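Below: the structure, in structure tokens.
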Ligand code: DX5
Ligand code: ZN
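Numbering (this note's numbering), first residue to last: 3 to 228.
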């Protein structure tokens with residue numbers, strides 16, 4: 003079982019004070035930053051791109067985990083890698099040639115990840131599980147922070163953990179969307195290790211304290227994992 007990590011999702015931060023927000027989240031225990039990239043086509047929202055990654059790169063040393071919710075991600079992988087991305091995740095649903103796209107990410111020096119939406123079975127990933135650093139299970143429909151966790155995500159996380167064990171693979175399991183103090187123990191017990199949390203960290207109150215509490219809840223759940 004790999005280390006449980008908190009990945010604060012900057013979408014929920016206050017972009018007018020992004021530097022201090024992300025430093026507080028890292029001080030609270032965040033060990034990578036999740037950057038939600040949306041193009042208004044693959045998902046019904048428009049967010050940030052390589053310039054924001056380049057700015058973050060200048061002020062933090064933790065890995066930047068770029069979640070590309072965009073059509074035809076091949077066009078932008080070089081730009082995100084040049085901007086300083088460390089991990090790049092692409093949606094299975096957005097890639098006509100997923101195997102080629104995952105190799106392209108690795109050729110640009112980044113760790114490749116593949117993402118599945120709530121309606122996409124993890125079994126569709128069988129042929130690429132040996133190519134990826136992580137599999138990202140969307141536990142909400144992508145496009146917005148602050149949505150409600152979809153419970154069936156737990157079955158998908160558990161199925162991935164079984165597939166990994168059976169095939170003796172070493173990809174990591176990331177979960178994204180609606181993870182907070184009420185759901186974090188369940189996702190960890192199901193087998194998730196990379197916990198993307200936006201609203202739960204940045205949405206209210208003390209960012210540093212929120213991150214620390216969430217990480218504590220996640221780590222204590224591993225003690226009761228079956
Ligand atoms: C949704 C994004 C998630 C989202 C998580 O499309 O991929 O990363 O920002 O935010 P919360 O934790 O608020 O659901
Ligand atoms: Zn995301």
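Glycine included, every Cβ here is placed at the ideal spot set by N, Cα and C. On a predicted model such as this, the values are computed, not experimentally measured, just so you know.
Does residue i come out as helix, strand or coil in the three-state DSSP assignment?
{"i": "residue 28", "result": "helix"}
{"i": "residue 114", "result": "strand"}
{"i": "residue 144", "result": "coil"}
{"i": "residue 222", "result": "helix"}
{"i": "residue 46", "result": "coil"}
{"i": "residue 11", "result": "strand"}
{"i": "residue 124", "result": "helix"}
{"i": "residue 181", "result": "coil"}
{"i": "residue 1", "result": "Lying before the first or after the last residue shown, residue 1 is absent from the chain, which here runs from 3 to 228."}
{"i": "residue 159", "result": "helix"}
{"i": "residue 64", "result": "coil"}
{"i": "residue 152", "result": "coil"}
{"i": "residue 130", "result": "helix"}
{"i": "residue 188", "result": "helix"}
{"i": "residue 38", "result": "strand"}
Tell me whether residue i, by its Cβ, gets closer than 7 angstroms to a heavy atom of ligand 1.
{"i": "residue 201", "result": "yes"}
{"i": "residue 139", "result": "no"}
{"i": "residue 181", "result": "yes"}
{"i": "residue 32", "result": "no"}
{"i": "residue 149", "result": "yes"}
{"i": "residue 36", "result": "yes"}
Distance, Cα to Cα, residue i vs residue j?
{"i": "residue 69", "j": "residue 208", "result": "25 angstroms"}
{"i": "residue 124", "j": "residue 196", "result": "17 angstroms"}
{"i": "residue 140", "j": "residue 37", "result": "14 angstroms"}
{"i": "residue 74", "j": "residue 119", "result": "16 angstroms"}
{"i": "residue 132", "j": "residue 163", "result": "13 angstroms"}
{"i": "residue 202", "j": "residue 108", "result": "31 angstroms"}
{"i": "residue 97", "j": "residue 72", "result": "10 angstroms"}
{"i": "residue 85", "j": "residue 102", "result": "21 angstroms"}
{"i": "residue 87", "j": "residue 47", "result": "21 angstroms"}
{"i": "residue 54", "j": "residue 151", "result": "27 angstroms"}
{"i": "residue 33", "j": "residue 99", "result": "31 angstroms"}
{"i": "residue 17", "j": "residue 77", "result": "26 angstroms"}
My assumption, with CB atoms under 8 angstroms, is that residue i sits in contact with residue j. Please give the rounded CB distance.
{"i": "residue 182", "j": "residue 199", "result": "7 angstroms"}
{"i": "residue 219", "j": "residue 187", "result": "6 angstroms"}
{"i": "residue 121", "j": "residue 156", "result": "So it is not a contact: roughly 16 angstroms between Cβ atoms."}
For the alpha helix (DSSP H) holding residue i, just list the boundary residues, first then last.
{"i": "residue 107", "result": "100-109"}
{"i": "residue 90", "result": "That residue, residue 90, is in no alpha helix (DSSP H); its beta strand (DSSP E) goes 89-93."}
{"i": "residue 54", "result": "52-61"}
{"i": "residue 2", "result": "Here the chain comprises residues numbered 3 to 228, so residue 2 is not present and cannot be evaluated."}
Please find out if some non-hydrogen atom of ligand 2 comes closer than 7 angstroms to the beta-carbon of residue i.
{"i": "residue 198", "result": "yes"}
{"i": "residue 69", "result": "yes"}
{"i": "residue 15", "result": "no"}
{"i": "residue 155", "result": "no"}
{"i": "residue 93", "result": "no"}
{"i": "residue 135", "result": "no"}
{"i": "residue 178", "result": "yes"}
{"i": "residue 41", "result": "no"}
{"i": "residue 11", "result": "yes"}
Looking at the secondary structure, which residues open and close the beta strand (DSSP E) in which residue i lies?
{"i": "residue 74", "result": "Counting along the chain, residue 74 falls outside any beta strand (DSSP E), and DSSP gives it neither H nor E."}
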